[in-house]
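Presented below is the structure to which this report refers.
Residue numbers (the numbering used here): 1 to 81.
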């Protein structure tokens with residue numbers, strides 16, 4: 001058993017990893033890199049500790065609301081379905 005316990009969706013083992021995460025809020029997207037997370041080895045569900053969620057939220061607001069410069073800007077194609 002890890003610090004995250006087993007997956008609440010499929011019951012699979014959850015392991016700690018560093019991931020890239022697409023943080024979406026209010027129609028805006030911020031790509032977070034190297035985020036510590038628990039990831040289910042069976043279904044891929046992601047889990048975050050409360051302090052990590054708080055840091056992600058803070059970084060989102062710093063960049064989107066407070067106009068701090070991000071490390072990089074990427075162009076992402078989009079289409080309607």
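All residues carry an ideal CB built from backbone N, CA and C; glycine is no exception.
TODO: Note down, in chain order, each residue of its chain lying with its Cβ closer than 7 angstroms to the Cβ of residue 47, except the 5 sequence neighbours on either side.
DONE: The residues are 4, 14, 37 and 38.
Open item on the list: Per DSSP, what are the beta-bridge partners of residue 53 in this structure?
Closed with: According to DSSP, which records beta bridges pairwise, residue 53 is partnered with nothing at all.
Task: Per-residue DSSP class, three states only, for residue 64 - done: The three-state reading of DSSP puts residue 64 in helix, counting H, G and I together.
Open item on the list: Judging by CA-CA distance, which residue of 42, 63 and 20 is the nearest neighbour of residue 8?
Closed with: Comparing Cα positions, the closest option is 42.
Task: Local conformation of residue 59 per DSSP, three classes - done: Under the three-state reduction of DSSP output, residue 59 falls in the helix class.
TODO: Please state whether DSSP places residue 27 in a helix, a strand or coil.
DONE: Coil, per DSSP.
Task: According to DSSP, residues forming a beta bridge with residue 46 - done: Beta-bridge annotation (DSSP): residue 46 is paired with 39.
- [ ] Could you work out which residue in 23, 11 and 76 is closest to residue 54 when comparing CA atoms only?
- [x] Comparing Cα-Cα distances from residue 54 to each of 23, 11 and 76, the minimum goes to 23.
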